[in-house]
Amino acid sequence: MIDPSWISGLGVILFGIGLLGAFTRKNAIIVLMCIEVMLNAANLNFVAGASHYGDVDGWVFTAIAIAIAAAEVAIGLAILLSLYSTQETISLDEANILRN
Amino acid sequence: MSDPLTILTLTPLGVGLLLLVLPQLLPQNFAETLRKVSRNISFGVSMGLFVFATYLAFENFGGIDWLNINMGEYQLMNDEPVTLISSIGVSWIVGVDALSLPMVWLTALLIPLSMLVEWDAKKGHIFHPLILVMEGALLGVFVALDLFVFYVFWEMTLIPMFFLILVWGGDDRKYASMKFFIYTFTASVVMLIGILIMYFHTGDISGVSGSITGHHFNLIEMNSDMIQSEGLRHLVWILLLIGFATKMPSVPVHTWLPDAHVQAPTAGSMLLAGVMLKMGAYGFLRVAVSLFPESTVVFIPLLVILGMSSLVYGAWVCMGQTNLKRMVAYSSVSHMGLIFLGIATMQPLGIAGALFMMFAHGIISPLLFAVAGAFKHHYHTLEIGSMRGIAHHSPYLAAHMMLGWMASLGLPLLAGFVAEVAILIAFWMSFGWWVLLPALTLIITAVYYLNSMQRTIFESNDRHHGILPESLHGEEPRDITWHENTSMFILGILTVLFGIFPFLFFDMMSDWSTEFIQEILLEAIINQGVKP
Amino acid sequence: MSYLPLDTAEAELIIPELIMLVGLIAIILIPNFGDATFRIPLSRIKVPILIGGNRFKLTSNPKLPNQVSLLIFSAAFFFGLIQTSYGNVGDTLEVTAFSRIFTLIFTAALILATIATTHRIPARTNLKVPTDNDSETITTKKIDALIDNRRQVDFHIILIMVGLGMSLMSMATHLFMLFVCIELASLSSYILVAFHKETKVGGEAGMKYFIVGSVASAVGIYGMSLLYLWSGDLSLDALSSKWMESETIDPIAGIAVGLMLVAFGFKVGAAPFHLAAPDAYSGASSPVAGLLATASKAMGFVALMRILITVTMPDSGEAFWFSTIAIISIVTMTWGNLAALTSTNPKRILAYSSVAHAGYMLAGLAAIGSGLASEEAMKLVLTAIIFHLVVLVVFKFGAFLVLSLLETEGRSHQLEDLHGLARREPLIAGSMFLFMLSLAGVPPLSGFLSKFLMINGIVNISAGTGASDVSSVMDWLISVEPVFWLAFAIVLNSALSMFYYLRIGLVMFFEEPENTKPMKDAFSLRIAIVLCALLTVIIGIGPLSDSLLQMVNDAVDSFISN
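Each protein sequence line maps, in turn, to chains E, A and Y. Position 37 of the first sequence, counted from 1, bears residue number 40 in our numbering, the numbering being contiguous throughout. Position 353 of the second sequence, counted from 1, bears residue number 355 in our numbering, the numbering being contiguous throughout. Position 97 of the third sequence, counted from 1, bears residue number 124 in our numbering, the numbering being contiguous throughout.
Pasting the structure below:
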């Protein structure tokens, strides 16, 4: 069995990648993916915790977190589509009529 | 809530607000009728209140011995304070003493007069109700003995005045009203911190204190010992001073006043100068000096500096003005400086002089602003230098102007003189020959003004016409109308009356001041080692 | 053993939420009721199954969803108001006076949003399908109106989900439950912001709000997972006792709480996570913006209070987050006010003012975190914060209602749109001016009372800390704890904010309107605005404010005792 700290170590790396990506990339789809990566990092932590404490809760959290992530992507893509259909861009920098 | 002071305060508020809101809600034809008579209703109500206030004052001259009011003994109090917000200890408690009674009477007097001055100025149906709301707020400030209620009324006076300036003001009214509101609002939130620190140090009195907080706002129950730390006491005193000095206003926070005055409509200026400025002095004496006598004594030099610089600076700038209203505004700054000087003397005479100055300035400066407003109304300008020989065209206006200026400069037998002399004598007793500075300032400005008034009012190149300002475009100027004349006449009569018989109020004030010194300040004066 | 997940006693506790749940199902079903029948196989008997077919006249009425959701929220509000019994529901929910007052805040805000939406997304019963003879503009207009009719249900379904999520989150005693409920409410609010997807601003606002919001919540969930690694149990009780046990703060737990603060900081609009808020507010329709400024903010503060005070507040001494929150609060209020000064879009101004208000409330939290507060003082500050959240619904949402009224004309994006409102609509302009004064904290309005309580609480906590034996002001100021300066920060910011609040008042009364015609006869919206204005005044001083304060105080008591 893998030591839980390895799992959460992977989680840290994933979270770092996700956070870095979310702040530096301008393409909305890539940002969306980065958010997913961050959520998965959290899931890894839950799983690691569950196996460390021998607790079922962590697995339940993971399942629900996956569901939340799915809902988030669904909504995100829908909003993205409406942005694209009105402004024909999915870059977060180019869409800035609100500030003017 | 059926005691006289509550009625006096809440009636104008209620009627004013009703007159403002009802036309919006009623059906069209009723609303039209109401709009037409709102001016008459407002004037009627304010007259009624004036009669009521006079009755209270004189009825109680017999019933209450105003001449022997000890500091802290409030008259006409509502016996059972009504709890407003029991969770934090706010209650409706009102009362007057020799400090506030003249102010209450003055407010009740000036409101109908200022309405009268603007009687036919065609200012629509909300002008007069706004003044009525203003009256309620002003009276509230003077009668409230609960600091929360005091603060609420204090801020409430801003809103009608803001609208008076904003809607009916001169060309630059937007700037002036914003400046007025923000200046005084900022100062009073600073004061609010001071009030809150005091509040936090009040004790838990059952039935008075808030159920959640365990503190109360009751001014009567507060005393100077409640705050342990002397440094904190000084801090609170300074926070309060910032709020009150800005309202008075004293140099260096006076700059809102000239702008507000110049832009405000005549009635607004009259109330601003007549009553609102007095709120600062009143609050300073009522809260800051009464509760923190030691800090007051410690900061006497600060008071002297503030008062002296207001006096000298106000007078100096006043001389350079050509705009009539601006001139009166700066002379107000100058007179308010005298009030600080009077308090700083720590003599009964000085404080009584300051009190009388509050009252005297409260009838003289409205007279001057009424004159300035009428000048603007009939000559379409405020530039005093553009005119020579008003007396030829508008004899009544010229007479009122002359009387107003003389009173303002402290001519003997007029109300201002009594106050100035009392303050200067007290100042001499406390500070010796330093008195020459304020005295000389007063004398020099007096000479300057008498000279300039003489030219404006009497002198003319042509015996029959004088020089008329260009803004008339060659029209023949008219003299003031009957209602302006009536209003100014009443103010003029009072100026003379209180100049010849100052004891009507002065005795009461001087007794109160003596008591005030003995009860409150004497210990602090002795402790701090200041020569009494 | 009951087969139902709830027993009767528990169900009674959560009547408002059950109403919303049933309402959610009802509002999905009701518009679909029709005369469809089902023929039983091998027979001629047709059984009506009601779902589908030609819809009945009543159920096809496009105004129905709005009325249904108004009914649902009003019922939820009413039952929340009369509720007196409290207790646990299952393992993760607990109904207390605290959760109840927040349910009331949320449902009140939603009622106002529903009323405003009636006129913001109007439903028309007598619409005709465009024909070939119609000109292009008429065709577009008709199609727009048809679209509006079509999406009535969508909007209200999502609105009810927001209500359900928020209401449940205020009762959650388990961190994960709390997070899931927040997600339910926020995911729905992303849709609401982007609801007008045919406009350019709608999509953009939704996108920005969504991206920033979901990054924040992903960070928060990660923080929560770290907390789970640290403690192995996410119920608030367990977390708090574990926190008490550990003598020093475990770095993992510290980081975890910090990350969660990011998520909740976004919800309340604290700097530097507030940047999406002005965009979201100005892109969303005014009712939705009002919802974000009041209900969503209240939700964020519930979460903050849970994590900062229930879990991580030590029994004595300074909380480790004290200086962070104190600095954030000062930055937030100053930034919000400065940004509002330079803005010319009324919705952005209100958005920034809402940021500033978050700063004031954070200052209150920081004062608690200083560890100097006695229990009394702490209760006072919490009362101030919750009272502020309550009255925000009245005057902040009131201001957004006025903007909604303007929006029925299609305008509220420039200060010019407010020009001369006093001449067109004196009563509405007067109400708006009251709202502005109340936001600025001018007495005797309710905004003053709440700000007053806040400053009072902070002064109460800090003024006693100064040295009592010094005789000069400077010495005293040096000796006092830095918390004291938070009160000054609030006061100076109030003065600063006066500029832009007055500016809104000024343009309404001073500038000439573009047209002088009165606005649409949106009766219910007008009633709501005037009611809000009235409440703004009477909650400020007098018996109603007293009973409200008492209610908030009970809520704080129940919050502290956990």
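Where a beta carbon is used, it is the ideal one built from N, C-alpha and C, also for glycine.
Flag this pair as yes or no: are the beta carbons of Ile455 of chain Y and Ile556 of chain Y separated by less than 8 Å?
yes
For Leu442 of chain Y, which option in Y:Ser350, Y:Tyr528, Y:Cys208 has the closest C-alpha, if you only look at C-alpha atoms?
Y:Tyr528
Throw me the rounded Cβ distance for the Val497 of chain Y and Gly233 of chain A pair, which I believe falls under 8 Å.
4 Å
Quick one: is Gly61 of chain E near chain Y, going by C-beta distance under 8 Å?
In terms of beta-carbon proximity, Gly61 of chain E lines the interface with chain Y, with at least one pair separated by less than 8 Å.
Mind checking the region 566–578 of chain Y against chain A and listing, in chain order, the residues whose C-beta falls within less than 7 Å of any C-beta there?
Ile568, Gly569, Ser572, Asp573, Leu576, Gln577
Quick one: residues in its chain with C-beta nearer than 7 Å to the C-beta of Asn176 of chain Y, no 5 flanking neighbours on either side, listed in chain order?
Pro89, Ala150, Arg151, Leu154
Is there a C-beta anywhere in chain Y that falls below 8 Å from the one on Tyr177 of chain A?
no
Any Cβ of chain A within less than 8 Å of the Cβ of Glu539 of chain Y?
no
How many Å lie between Tyr249 of chain Y and Gly117 of chain Y at the Cα?
26 Å
Taking 8 Å as the limit between beta carbons, can you name the residues of its chain near Ala88 of chain A, skipping five residues before and five after?
The displayed chain sequence assigns Ser, not Ala, to residue 88 of chain A. Hits under 8 Å: Gly212, Ser213.
So, with DSSP's three-state summary, where would you put Thr410 of chain Y?
The DSSP-derived three-state label of Thr410 of chain Y is helix.
Under 9 Å by beta carbon: chain Y residues contacting Met180 of chain A:
Met525, Phe526, Leu529, Arg530, Leu533
How long is the line joining the alpha carbons of Lys29 of chain E and Met234 of chain Y, rounded to whole angstroms?
Distance between the alpha carbons of Lys29 of chain E and Met234 of chain Y is about 12 Å.
In this structure, does DSSP put Val84 of chain A in helix, strand or coil?
Of the three classes helix, strand and coil, the one that applies to Val84 of chain A here is strand, per DSSP.
Which residues in the same chain have their Cβ closer than 8 Å to the Cβ of Leu261 of chain Y, if we skip the five residues on either side of it in sequence?
His201, Leu202, Phe203, Met251, Leu254, Tyr255
Nearest by alpha-carbon distance to Ile132 of chain Y: which of Y:Ala290, Y:Glu436, Y:Ala322 is it?
Y:Ala322
Under the assumption that Leu132 of chain A contacts Leu166 of chain A (Cβ atoms under 8 Å), give the Cβ distance between them as a whole number of angstroms.
6 Å
Please list the residues of the region 66–90 of chain E that have a C-beta atom closer than 7 Å to any C-beta atom in chain Y, keeping them in chain order.
Ile67, Ala68, Ile71, Ala74, Glu75, Ile78, Gly79, Ile82, Leu83, Ser85, Leu86, Thr89, Gln90
Does DSSP put Leu13 of chain E in a helix, in a strand, or in coil?
helix
For the candidate residues Y:Thr351, Y:Ala467, Y:Asp584, whose alpha-carbon lies nearest to that of Glu402 of chain Y?
Y:Asp584
Taking 8 Å as the threshold (beta carbon to beta carbon), is Leu256 of chain Y in contact with chain A?
no
Proximity to Ala199 of chain Y [Cα-Cα], best of Y:Ser162, Y:Glu274, Y:Tyr217, Y:Met326
Y:Met326
Test item: CB-CB of Gly18 of chain A and Gly205 of chain A under 8 Å
no
From this set, Y:Ile187, Y:Arg147, Y:Pro373, which residue's C-alpha is nearest Ile54 of chain Y's C-alpha?
Y:Ile187
Of all the CB atoms in chain B, is at least one closer than 8 Å to the CB of Ile38 of chain E?
Absent from the structure: chain B. Protein chains present are E, A and Y.
The beta strand (DSSP E) spanning Lys73 of chain Y covers which residue range?
For Lys73 of chain Y, the uninterrupted beta strand (DSSP E) run begins and ends at 73–75, by DSSP.
Extent of the continuous alpha helix (DSSP H) to which Glu538 of chain Y belongs:
It is not in any alpha helix (DSSP H) - Glu538 of chain Y carries neither H nor E in the DSSP assignment.
Check each residue of the region 372–397 of chain Y: if its Cβ is closer than 7 Å to any Cβ of chain A, include it; give the result in chain order.
Residues of the region 372–397 of chain Y with a C-beta atom less than 7 Å from some C-beta of chain A do not occur.
State yes or no: is the beta carbon of Gly52 of chain E nearer than 8 Å to at least one beta carbon in chain Y?
yes
Bounding residues of the beta strand (DSSP E) (the contiguous stretch that carries Ser397 of chain Y):
Careful: Ser397 of chain Y lies outside any beta strand (DSSP E) and carries neither H nor E.
Three-state secondary structure (DSSP) of Gln30 of chain A:
When DSSP states are grouped into helix, strand and coil, Gln30 of chain A belongs to the helix group.
Is there a C-beta anywhere in chain Y that falls below 8 Å from the one on Leu86 of chain A?
yes
Who are the neighbours of Ser11 of chain E on chain Y, taking C-beta pairs under 7 Å?
Leu256
Indicate whether at least one CB of chain A lies closer than 8 Å to the CB of Met28 of chain Y.
Per-residue confidence for Met28 of chain Y stands at a pLDDT of 46, beneath the threshold of 50, marking its modelled position as unreliable; the derived number appears in the next sentence. So no, Met28 of chain Y is outside the interface.
Run the CB neighbour count on Lys327 of chain A, radius 10 Å, all protein chains shown included, and call it buried at 16 or more, exposed below.
buried
Entirely within the region 303–368 of chain Y and at least 4 residues each: give me those alpha helix (DSSP H) ranges in chain order.
303–310, 313–318, 324–332
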